[in-house]
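Peer 1: Dropping the structure in here first, questions after.
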Amino acid sequence: MILPVRSLLSPGRYTRALLTSAVFADPSVGIGSLPLAPEETQAERELLKSLPEFQEAAQVLLGQGGDEARLLPNCKRAEKALPMLQRTVEICRSAMGFQSVYLQAALRHLVATLFMKGDVAEARRVMQERGDVMQWPVAEHERMLRLLLRANLPKEAQAWCQKDETVPLKWILYELIGTELRGGAEQLANAVEDPLFVQAVETLREKKDVVLKHEEASHLKASEVQLGREIPYLLAQYASLSVASTRALERDPKTPPTDAQLVSLNQAEALYKEALAWVEKTAAEDDKDALLASGPNAPFGAWVETNLGELLLRKNQPEEAMEWLGKAMSTLQAERSGVGGSALAMTRVLGQIARGCHSMGQAVTSEGLFVTVVESFEREAKLSASDRVEFARVLRSYGDLLTNWEKREAGAAKRYAQAERVEKEIAEMCKANQSAAALHPVFYLPL
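Going by our numbering, the first residue of the sequence shown is number 576, and it counts up by one from there.
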């Protein structure tokens, strides 16, 4: 039973509920996001209504409060929100007890914010406390596993990869991402070429029929069945594994894709589009716009659209690529929560659009976008593994643009040198973490 949090706080602490509750304590969990108990969402809503510290943290993290707040780098948002979230945790722990659902909600936001700041060690410690409080249900095992994969700690992640019999393909997926981090694309290629990988994708397709039949036989819609929500996520992640296994999107290669890379790009394109089509189909059944604007599936939709854009640029199809990237940008602009797989999701989209403009001969527009993207990365005090990968690729693409521009050779050399420094940082991180590769941005692992 959840007690109203107001009864545990002094009257002077009451404040009016914020608009943030619509996106910060939303019971609708987007595709790819981990499920939450209704009690936790309700407790979070109570905290937003009654606890000023939690309200202020939500405002900061969502970039609310004018242009200055909206333009604040993610590291600064995290630094500003952390004291308020830590105070929220203290209040929940002391006033409501160690097993409180309010404490669970506060700890979840503290984990995500610590990771945004780049403090992985503290994020792991807080995640351990959340798991202990909740007695480690499967979803929290998965949350810790995602945290470790995003921190590029594949050996530690392996210990948390406990299979769930209801959706075993999901855990195979995590194992394969770990394989790529531990052994690089070569080891992943062996796994992807295995007939069992192909069978896994076919099994996912068969599960669609199972979900639709279940929908006919019950009052639940396909989008409300957990398996129905897992299908598009897993299809898209398997698409990303296929691309990663052939290094089809490494850096910004100037040579055309090899035959093997082209096969993986075509496979991934089909799977990404299939995942989006399923979401659109099930959302339409609910009389909702599929991936658009403020819907809970917006971060997932924008991520898939961005991957499609990048993939099509690699296939030298810039017109179609720009269509998908335009959709991704519109989705992220309308999405208010900003809690997708990467805190720099919009920056990644703009970087791909800059590359598209370059390939279409729009050099001036391309440079303007590259400048914006590079500045966004440079404002961050600490970048995650996948954000560093993206930053290095952007710098090389910017260097390529300047190389083809008369009297801009010095600028190109500067960007290439900067890219080499970032790549050296990535190599040092991988060595320290005993990993062979950094997590690629094509993977989607929201916390």
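Think of the CB as a built atom: it goes at the ideal place given N, C-alpha and C, for glycine as much as any other residue.
Please read all numbers here as calculations on a predicted model, not as lab measurements.
(1) Note the first and the last residue of the continuous alpha helix (DSSP H) segment covering Y1019.
(2) Can you list, in chain order, the residues of its chain whose CB lies under 6 Å from that of L851, leaving out five sequence neighbours each side?
(3) Can you list, in chain order, the residues of its chain with a C-beta nearer than 8 Å to that of D862? Leave out the 5 residues immediately preceding and following it.
(4) Going straight from the alpha carbon of G936 to that of Q774, what length do you get?
(5) When you compare the CB positions of I575 and K829, do they come within less than 8 Å of one another, or not?
(6) At the level of alpha carbons, what is the spacing between R954 and L919?
(7) Note down, in chain order, each residue of its chain lying with its Cβ closer than 7 Å to the Cβ of L888, except the 5 sequence neighbours on either side.
(8) Using the Cβ count rule (16 or more neighbours within 10 Å means buried), how would you classify T778?
(9) Nearest-angstrom Cα distance between G884 and A732?
(10) In whole angstroms, what is the alpha-carbon distance linking Q661 and Q630?
(11) Looking only at C-alpha atoms, which of F690, V676, R668, M671 sits nearest to L657?
(12) Measure the C-alpha to C-alpha separation of K902 and G672 and round it to an integer number of angstroms.
(13) Check whether the Cβ atoms of V713 and V701 lie closer than 8 Å to each other.
(14) Out of curiosity, what's the CA-to-CA distance linking E981 and P743?
(15) So, under 8 Å CB-CB, A873 and T906 are touching, yes? Tell me the CB distance rounded to an integer number of Å.
(16) Quick one: residues in its chain with C-beta nearer than 7 Å to the C-beta of V1017, no 5 flanking neighbours on either side, listed in chain order?
(17) Going by beta carbon distance, what residues of the same chain come within less than 7 Å of R983, once the five residues before and after it are set aside?
(18) Going by beta-carbon coordinates alone, are L886 and L846 separated by less than 8 Å?
(19) Taking the continuous alpha helix (DSSP H) assigned at E825, which residues delimit it?
(20) Suppose the cutoff is 7 Å on Cβ atoms and the five residues either side in sequence are ignored; what does the same chain contact list for R683 look like?
(21) Going by alpha carbons, who is nearest to F952 out of C667, V969, E942?
(22) Can you have a look at E998 and say buried or exposed, based on whether 16 or more other CB atoms are within 10 angstroms of its CB?
(23) Using C-beta distances below 7 Å, list every residue in its chain close to A653, excluding the 5 sequence neighbours before and after it, in chain order.
(24) In the DSSP assignment, find the unbroken alpha helix (DSSP H) run with F629 in it and report its ends.
(25) Measuring CA to CA, which of Y749, N727, D694, E665 is closest to A681?
(26) Which value, in whole angstroms, describes the spacing of the CA atoms of V949 and V776?
(27) Looking at the structure shown, is A1013 part of a helix, part of a strand, or coil, going by DSSP?
(28) Provide the residue span of the alpha helix (DSSP H) that contains S1008, from first to last.
(29) CB M709 to CB Q679, shorter than 8 Å?
(30) Could you tell me which uninterrupted alpha helix (DSSP H) segments, each at least 4 residues in length, are contained entirely in the region 690-768, listed from first to last along the chain?
(31) Indicate the three-state DSSP secondary structure (helix, strand or coil) for A618 in the structure shown.
Peer 2: The relevant details are as follows:
(1) Translated into positions along the sequence shown, residue 1019 becomes position 444. Looking at the DSSP string, Y1019 is not in any alpha helix (DSSP H), and its letter there is neither H nor E.
(2) As a first step, residue 851 must be located in the sequence shown, where it is residue number 276. Closer than 6 Å at Cβ, skipping near neighbours: V879.
(3) Position 287 of the sequence shown, counted from the start, is the residue given in the question as residue 862. Because D862 carries a pLDDT of 47, less than 50, the predicted location of this residue cannot be relied on, and the following value inherits that uncertainty. Within the same chain, D862 has no close Cβ partners at all.
(4) Locating residue 936 in the sequence shown gives position 361, counting from the first residue. Locating residue 774 in the sequence shown gives position 199, counting from the first residue. Here the C-alpha atom of G936 lies approximately 42 Å from the C-alpha atom of Q774.
(5) The requested residue 575 is not part of the displayed model; the chain covers only 576 to 1022.
(6) Here the question's residue 954 lines up with position 379 in the sequence shown. Here the question's residue 919 lines up with position 344 in the sequence shown. Each residue's CA atom was taken as its position, placing R954 and L919 some 11 Å apart.
(7) Here residue 888 corresponds to residue number 313 of the sequence shown, with the count starting at 1. Here the set comprises A896, Q927, R930, G931, S934.
(8) To locate residue 778, count along the sequence shown from 1; it is residue 203. Classification for T778: exposed.
(9) Translated into the one-based positions of the sequence shown, residue 884 becomes position 309. Translated into the one-based positions of the sequence shown, residue 732 becomes position 157. Cα to Cα, the separation comes out at about 30 Å.
(10) Translated into the one-based positions of the sequence shown, residue 661 becomes position 86. Translated into the one-based positions of the sequence shown, residue 630 becomes position 55. If you take the alpha carbons of Q661 and Q630, they lie about 13 Å apart.
(11) For this step, residue 657 is matched to residue 82 along the sequence shown. Answer by Cα proximity: F690.
(12) Looking up residue 902 in the sequence shown gives position 327. Looking up residue 672 in the sequence shown gives position 97. Taking C-alpha positions only, K902 is separated from G672 by approximately 45 Å.
(13) In the sequence shown, the residue the question calls residue 713 occupies position 138. In the sequence shown, the residue the question calls residue 701 occupies position 126. The answer is no: Cβ separation not under 8 Å.
(14) Within the sequence shown, the letter at position 406 stands for residue 981. Within the sequence shown, the letter at position 168 stands for residue 743. E981 and P743: Cα-Cα distance of roughly 55 Å.
(15) For the purposes of this step, residue 873 is identified with residue 298 of the sequence shown, where counting begins at 1. For the purposes of this step, residue 906 is identified with residue 331 of the sequence shown, where counting begins at 1. Their Cβ separation, rounded to whole angstroms, is 5 Å, which keeps A873 and T906 in contact under 8 Å.
(16) Taking the sequence shown and counting its residues from 1, one reaches residue 1017 at position 442. Excluding positions up to five away in sequence, the list reads S815, V818, A819, L824, N882.
(17) Within the sequence shown, residue 983 is the residue found at index 408, counting from 1. Counting only Cβ-Cβ distances below 7 Å, and skipping sequence neighbours, we find L977.
(18) Taking the first residue of the sequence shown as 1, we reach residue 886 at position 311. Taking the first residue of the sequence shown as 1, we reach residue 846 at position 271. The answer is no: Cβ separation not under 8 Å.
(19) By one-based count along the sequence shown, residue 825 stands at place 250. Note, E825: premise wrong, no alpha helix (DSSP H); not H, not E.
(20) Mapped onto the sequence shown, residue 683 falls at position 108. Exclusion of the five residues before and after R683 leaves R705 as the residues of its chain whose Cβ lies within less than 7 Å of its Cβ.
(21) Locating residue 952 in the sequence shown gives position 377, counting from the first residue. For F952, the closest C-alpha among the options C667, V969, E942 is that of V969.
(22) Translated into positions along the sequence shown, residue 998 becomes position 423. E998 is buried by the Cβ-count criterion.
(23) Reading the sequence shown from its first residue, position 78 is the one you call residue 653. Setting aside the 5 residues that flank it on each side, A653 is surrounded in the same chain by T688, M691, K692, each with a C-beta closer than 7 Å to its C-beta; the list follows chain order.
(24) Taking the first residue of the sequence shown as 1, we reach residue 629 at position 54. Run containing F629: 627-636, per the alpha helix (DSSP H) assignment.
(25) The sequence position of residue 681 within the sequence shown is 106, counting from 1. The residue among Y749, N727, D694, E665 with its C-alpha nearest the C-alpha of A681 is E665.
(26) If you number the sequence shown from 1, residue 949 lands on position 374. If you number the sequence shown from 1, residue 776 lands on position 201. Their backbone Cα atoms lie some 37 Å apart in a straight line.
(27) Locating residue 1013 in the sequence shown gives position 438, counting from the first residue. Coil at A1013, not helix or strand.
(28) Counted from its first residue, the sequence shown places residue 1008 at position 433. The amino acid at residue 1008 is misidentified as Ser; the sequence shows Asn. Per DSSP, the unbroken alpha helix (DSSP H) holding N1008 starts and ends at 984-1008.
(29) For this step, residue 709 is matched to residue 134 along the sequence shown. For this step, residue 679 is matched to residue 104 along the sequence shown. A contact, by the Cβ cut-off of 8 Å.
(30) As far as the region 690-768 is concerned, its whole alpha helix (DSSP H) runs of at least 4 residues are 695-709, 713-725, 729-734, 743-768.
(31) Looking up residue 618 in the sequence shown gives position 43. Helix, per DSSP.
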